[in-house]
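Engineer: Residue numbers (this note's numbering), protein chains in the order written: chain W, 226 to 528; chain S, 226 to 528; chain Y, 226 to 528; chain C, 226 to 528; chain L, 226 to 528; chain D, 226 to 528.
Please read through the structure below; I'll follow up with questions.
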């Protein structure tokens, strides 16, 4: 099932800043970006061994996979907002007047030629995400150890990309992802602790900086979002409570852990709809006709 | 939202056939595999321009994206089944007795070293899926034209991989995907027809062979699955009916088109659970302890 | 057979603008650049099935392949001109005085280290062209559909790169390629129409902007270059007239189609000869001796 | 200009041998294959510095480029013949009867899924050719040194692939390419000798085996093909005679060197036309209609 | 400093088994092979932050780097031995008699065309090692956590490759590497324990199988090689004893830990010298002359 | 054996200049960088055929391999110094204040997100080094010819990167590498001369510029470093004197050649120790505790 809204509301960008967007791309298509976390957990959950016998562990990986899809959407939207800026400031010059002359100085020219500022699964240097970033062995301890490492590595990358961001859009996206990534790190740490007795949560946070220092993350912790794991189902996966349980607290001892069905839905308006732009041929150079066609089709569908 | 079941039931494989699994990998991680269709539509839907004004077109891409996730799961499971064969025939020799000596003749040794037969997003030659297989320009006609081409190319690849399969598992997976892929090809053709008046559906099928010749596809058409588009939501995307409508018939004129909320759920049993195997260290060499731990955690979660 | 001249005359660049050159590289080594069109059609023509029976279709692909070689040369020359600028403005400082200090801020440093500003088959982000950008299935309809899509995608990429160009060199190259690319799109559309009856030309132009808006393209249409297909032979391929025929007009109805042997030859002077530069060691740091040797060899060859 | 014939006649293959075809692919899309030689010389000739002053050297590289195009066509055809075998032995079973079940044991499954046995620019392990195999610095001595090395490396690869071939098709292709590759090695050696006085030809042959030991190469030497350089023009490039001149002999002292306009044309029949195959959907599953369309278009073009 | 001997003696291979060699390649050029461990630790040690203040940690990474060089040599030699087999069984047929016809069925044809059976840094599917397999952030805990994970992942890959090996050469190489890899895993675990107090060694072994079950590993443990860390210097790195100390025991409690200068040198004879082979042109087809030249140069050097 | 010092002393950088560091990366991870020379010679030496009979040639390649390790360390350190600048100028702002906002304009953002300015094996465009840059055939003449070409190509790349450098650090690194690279080019030229009689040294230098024009190289020639080959052993490899002998002079006739055990050790202080930086989380955000732990461990190890 899919719903048509982002996980959180995003502010409007102040200006187009394609280099900020390119930096944020590291968190989408980089080795430690959301495409990597999504695909790692997705293929681990699809290939899980003895899933019936190891149900709480399978459910943990499966429900985190579902959340990662939302993360991919969120960071994609953030990149697109940063690349394009507010519609009011979009180039309007005629193609023959080189409306994107400035873009040839930008970091990701190939990305612009392809997507006109869309968020695509490439890293901050424009290198394509690839499947060698997916780890799955079927060995439970090893896969969980990998996931724990992956979340710590991802946190480092998010922090450094955050340190390059000045626009509120990129900072908001990263603040939220830092909080949720830490939940996932802790979830895998707890799973390892249950299996081996090793107090992996004592390694956290990696790097050793609390979110009290990151205002855009802090605010989501105030809402308690660092204490909850979402199961993204009203039917399955309830057994993650065997691992993520009220007996445990957050790694920084700020409160008990909790399982929740779904993250709060900020509603359809949360989706910053990208507007079309004639000068980038989106949805086309002269879109009037297709907009009219769409209007009619929509009317027809509504009945 | 995620549910814990496959789109269809799969038979049990007759034997381990890692080369059949490797061939099927083309449809998972190849240029025209399900990772490509998923990521193309996912990033097109996340970056859609003027989505409010072009709602039926956005909804079309978004709901097909949701279905593609299920396709990735299905083909992943199929590969895993073919690679591992039925649990009753799994190698049980001790590691020092080279239980996988035969695997060094197999086509995808690196895949075995990583995943012990798991389905991973690589192609039939073991090359990793990469993001250059993702196309998104934001230009509506061009993106739809691409998607139409992609589905036709994917159909060709599925047919040729089907011609290499003798085990029922691979054939069943491909039969289903051929039917659903044709629905998607037709959906994009209809979208282009609405926008331009060009009768794109008259190009279908590409290649020019009907599913009457493919028994594993034919049976899903008998159920009518070639006439329906799923919207994967009970709240959003109903407006795809503006494009995929009862006014239209399937490209081969066998019946009217229909929008349905979700594909029928074959139930949790549909998930062929991979069993662990000590000789491939999945979930581990000596898993007794972790199975016992999992049992207790599950009990605790159940209350 | 090969002749020593470009397809058109190019102006002299106003200044070195390596970032404009790097942007133009998208049209050489990018996924939708001339290396892709060349190699797609080349391998399709070399591997053509039933070429005798399908002669007009084979001839179409074969003769377009020949033209694409000239496109590769043209865009390569354009990149080189933009990267190096006019010889009168080339750096002359001594190597120890860091004559290329400014180049470390440029977009394609690796390209400079290799080719000192040459046009090489990499994209605008410096990623190498690779063979996964080649599509060939041997299925006639599918390959033509791909080619039609490829030309539309290439047109989008050319337009967006054009929008980044301010120097006349890049704009002239792109103006010409836009016109010829549209001819090729139309040729594949007509081939599909002959085969299936579907009016593919009605999809054109993609994106929906006419060349009246692109002065550097418009001027070649005034010469009628949008109406002609070249067969690049005085012996073979005349049968392309079965597809590209005087019965048909251009997709925008501006005139009848025509087959011509070769594009007009602007003559040897059309080749903007790159001058050597001691500070980039081309043809060498102290080239006097080798220039003298070459002069003598040339004299000897002339007799 | 392009002509519709191969450089030499090829025998008919005895059987389909896809692994022999895959091995031959090393000479098409491998690091030392014909795609590499073609693109190296093509981009060197397009970007040549001081080409007017260094005319014989530019002409040398430019005319060898033209020949390499024919080599790419030749080896592509050889691969296709080996992969498909004689039409009389092509699979004719129905798709549902798994006519290509044996192909899942072959070395290049992805290549079959894409091209049904076509020769495509990938290496013998199925890795795509990429542009990092292109070398161009603009420094004359360095580029010629590279080309000399490249031809020696290519000869080694051809010899080892030859040692894997038992079918006459692969051996014939390689025999011819060994002879012509040696001509190119010698040409670059002579160019370096003219420039530096170093007797580079004394390094030849690398490896140290004469073609007297390779019957399929020997026969082309008997025809004298090891003594001639083709200029592929009746207008340009005559000045290569300054380097490749009658004053010089072949490196093994078997005769004087000579410049010739074009290699002898074995005529259109030399092109082994790949036949279509319904079971691989080439040109389609049910091609009758399109063959009929093509026949009419051809008739119309003929007038 | 470098010495001319392997870390251990290797048996002679029983037969050429290129597929066993290709499988072993996973441990050389695969994501979890020795090239990865070498380059990870090498670049971490070269870029170490605050190395003076964090000396024992830097010394740990630096001395393990030195050992990894020997591992790369060992596994390279093992691959070469498996690929080529004993010299007495090398093909001696003339090149025109296709002495390597059987190689076109082997898994790594491109590797043979390049290296005639040499061990090269590619994985078991022939994919090149690449630098994205190198991890370095400069954050001490994160880098050590990565290294711990890397060694566990490498152990899994070694075990699965071991399960494919029947020839003593491959098994001996892997037995030794399993023991030394476990030492490195434990070393990084201890470093993390010193820094965080978390008992990381309690996670070991991953996977959960002891070397008592692997005879080729067991024998090196009998020699005590699982208890020692080598510092590869008589001047530097002694301070690793702060981490790897006699206060600690092996993770399986079989004895105290110890620091040693160098591994025992089995002497120059340990190097299985690859013999040349005329039919693979190594050192050449007719090597007599160069062998004679070398003999004289050696005599001259000896005085 | 490994020692804890660089090959030469390096100056302190004047400022952080990440784009200068990125340019220098070409000489680390580029196709013609030190990773390429290291791995080429390393794998050639590990796989050497008939090494006993061809001892002087094996020793030559083996001892140059050892030196290349030091080159990798040197250029890595140079990159790191340029990227980070002097510690006194490191950013100290709090992470929430975007202390690296300027880095999003830098050329290698992914490199910063990973390594915070560390030197990593990627090229100047951020593309990962990969194993296709490794050449080894086992044919002695061909491998030596390759190595000679590789050193000439590497010299060109070093010169062009040098022309982009203004900070003394990058220039010093390159000055030294130019001198030592020329020694290696000459060594391979001499080896070829011994084997074939061809005066390969007469091709040098390529490009044709003497080090008299490069002050940072010149100063090492004044010390005579262009005349010596290091054997990196007090036991093995002395027989390189058969090739690199006092009978020969440098290619520019400035003095006799000489074999020396080791390059002079500038001492441990030569290692510019990277300092940690809280704002890049190296060794961590709040490193006090781990620094204290390390101090104690060091004390314990010292006894």
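Backbone N, C-alpha and C define an ideal beta-carbon position, used for all residues, glycine too.
Remember, it's a predicted structure, so these values are computed and weren't measured experimentally.
#1: With DSSP as the reference, identify every bridge partner of residue 483/Y, one or two as the case may be.
#2: Where are the alpha helix (DSSP H) runs, 4 residues long or more, that stay fully inside the segment 294 to 355 of chain C, in chain order?
#3: State the CB to CB distance for the pair residue 361/S and residue 345/W, rounded to an integer number of angstroms; the pair is presumed to be in contact (CB under 8 Å).
#4: From the DSSP secondary-structure annotation, give me the bridge partner or partners of residue 499/L.
#5: Could you spell out the range, first to last residue, of the alpha helix (DSSP H) harbouring residue 393/Y?
#6: Under three-state DSSP, which class holds residue 262/S?
#7: What residues from the segment 398 to 416 of chain D come within 8 Å of chain C, judged by C-beta to C-beta, listed N to C?
#8: Would the beta-carbon of residue 265/Y fall within 8 Å of that of residue 348/Y?
#9: Answer yes or no: does any C-beta atom of chain Y fall closer than 8 Å to that of residue 329/W?
#10: Check the Cβ-Cβ distances between residue 509/C and every residue of chain S, and say whether any is below 8 Å.
#11: Would you verify that the beta carbon of residue 261/W is, or is not, closer than 8 Å to some beta carbon of chain D?
#12: Starting from the beta carbon of residue 227/Y, find every residue of chain C whose beta carbon is closer than 7 Å, and list them in chain order.
#13: Give every residue of the same chain whose Cβ lies closer than 6 Å to the Cβ of residue 256/S, excluding the five residues on either side of it in the sequence, and list them in chain order.
#14: For residue 367/W, which residues in chain L fall below 7 Å Cβ to Cβ?
#15: For residue 504/D and chain W, any beta-carbon pair shorter than 8 Å?
#16: Could you give the residue range of the alpha helix (DSSP H) that holds residue 387/L?
#17: Leaving aside the five residues before and after residue 512/L along the sequence, list all residues of the same chain whose C-beta is less than 8 Å from its C-beta, in chain order.
#18: Mind listing the chain S neighbours of residue 374/Y? Cutoff is C-beta to C-beta under 7 Å, in chain order.
#19: What are the boundary residues of the alpha helix (DSSP H) that includes residue 445/C?
#20: Rounded C-beta distance between residue 468/W and residue 412/W? I'm assuming under 8 Å.
#21: Taking the alpha carbon of residue 405/S as the reference point, which residue from 269/S, 351/S, 291/S has its own alpha carbon closest?
#22: Exposed or buried, what is residue 385/L when buried is set at 16 or more other beta-carbons lying within 10 Å of its beta-carbon?
#23: Excluding five sequence neighbours on each side, which residues of the same chain lie with their C-beta closer than 7 Å to the C-beta of residue 343/S?
#24: Nearest to residue 379/L by CA position, among 356/S, 350/S, 339/S, 375/S, is which residue?
#25: Could you tell me how far apart the beta carbons of residue 320/W and residue 388/Y are, in whole angstroms, since I believe they sit closer than 8 Å?
#26: Thinking just about the alpha-carbon of each residue, which of 488/S, 508/S, 474/S is nearest to the one in residue 448/S?
#27: With the cut-off set at 8 Å, would you say residue 422/S and residue 433/Y are in Cβ contact?
#28: For residue 507/Y, list the residues DSSP reports as bridge partners.
#29: Step through the CB atoms of chain D and report whether any lies within less than 8 Å of the CB of residue 323/Y.
#30: Quick check on residue 265/C - is its C-beta less than 8 Å from some C-beta in chain L?
#31: Against chain S, with Cβ distances strictly below 8 Å, would residue 244/L count as a contact?
#32: Within 10 Å of its beta-carbon, does residue 364/S have 16 or more other beta-carbons around it, so buried, or fewer, so exposed?
#33: Could you tell me the distance, in whole angstroms, from the CA atom of residue 373/S to the CA atom of residue 285/S?
Structural biologist: Taking the coordinates as given:
#1: BP columns for residue 483/Y point to 453/Y.
#2: Taken in chain order, the unbroken stretches of alpha helix (DSSP H) that lie wholly in the segment 294 to 355 of chain C and span 4 residues or more are 334 to 340.
#3: A Cβ-Cβ distance of about 6 Å is found for the pair residue 361/S and residue 345/W, placing them in contact under the 8 Å criterion.
#4: Under DSSP, the beta-bridge partners assigned to residue 499/L are 274/D.
#5: Run containing residue 393/Y: 393 to 421, per the alpha helix (DSSP H) assignment.
#6: The three-state reading of DSSP puts residue 262/S in helix, counting H, G and I together.
#7: Here the close residues number zero.
#8: No; because the gap between Cβ atoms is not below 8 Å, this pair is not in contact.
#9: Yes, its Cβ sits closer than 8 Å to a Cβ of chain Y.
#10: Taking Cβ atoms only, chain S reaches closer than 8 Å to residue 509/C, which makes this a yes.
#11: With its beta carbon at least 8 Å from every one in chain D, residue 261/W lies outside the interface.
#12: Correct list: 287, 291, 457, 458.
#13: For residue 256/S, same chain residues with a beta-carbon under 6 Å away, outside a window of 5 residues either side, are 358 in chain order.
#14: 377, 378, 381, 431, 432, listed in chain order.
#15: Interface residue, yes.
#16: Segment 365 to 387, the alpha helix (DSSP H) holding residue 387/L.
#17: Closer than 8 Å at the Cβ level, and outside the excluded window around residue 512/L, lie 501, 503.
#18: Within 7 Å Cβ-Cβ: 370, 371, 374.
#19: Per DSSP, residue 445/C belongs to the alpha helix (DSSP H) from 440 to 447.
#20: That belief holds up - the Cβ atoms of residue 468/W and residue 412/W are roughly 7 Å apart, short of 8 Å.
#21: The shortest Cα separation from residue 405/S among 269/S, 351/S, 291/S belongs to 291/S.
#22: Only buried fits residue 385/L, as 16 or more other CB atoms lie within 10 angstroms of its CB.
#23: Excluding residues within five positions, the ones whose Cβ falls inside 7 Å are 305.
#24: From the listed residues 356/S, 350/S, 339/S, 375/S, the smallest Cα separation to residue 379/L is found for 339/S.
#25: That belief holds up - the Cβ atoms of residue 320/W and residue 388/Y are roughly 5 Å apart, short of 8 Å.
#26: Among 488/S, 508/S, 474/S, the Cα nearest to that of residue 448/S belongs to 488/S.
#27: No. Outside cutoff.
#28: According to DSSP, residue 507/Y bridges with 502/Y.
#29: A Cβ of chain D is located within less than 8 Å of the beta carbon of residue 323/Y.
#30: No, no contact with chain L.
#31: Put simply, the CB of residue 244/L is near chain S, with a gap under 8 Å to one of its CB atoms.
#32: Burial call: buried.
#33: Their backbone Cα atoms lie some 13 Å apart in a straight line.
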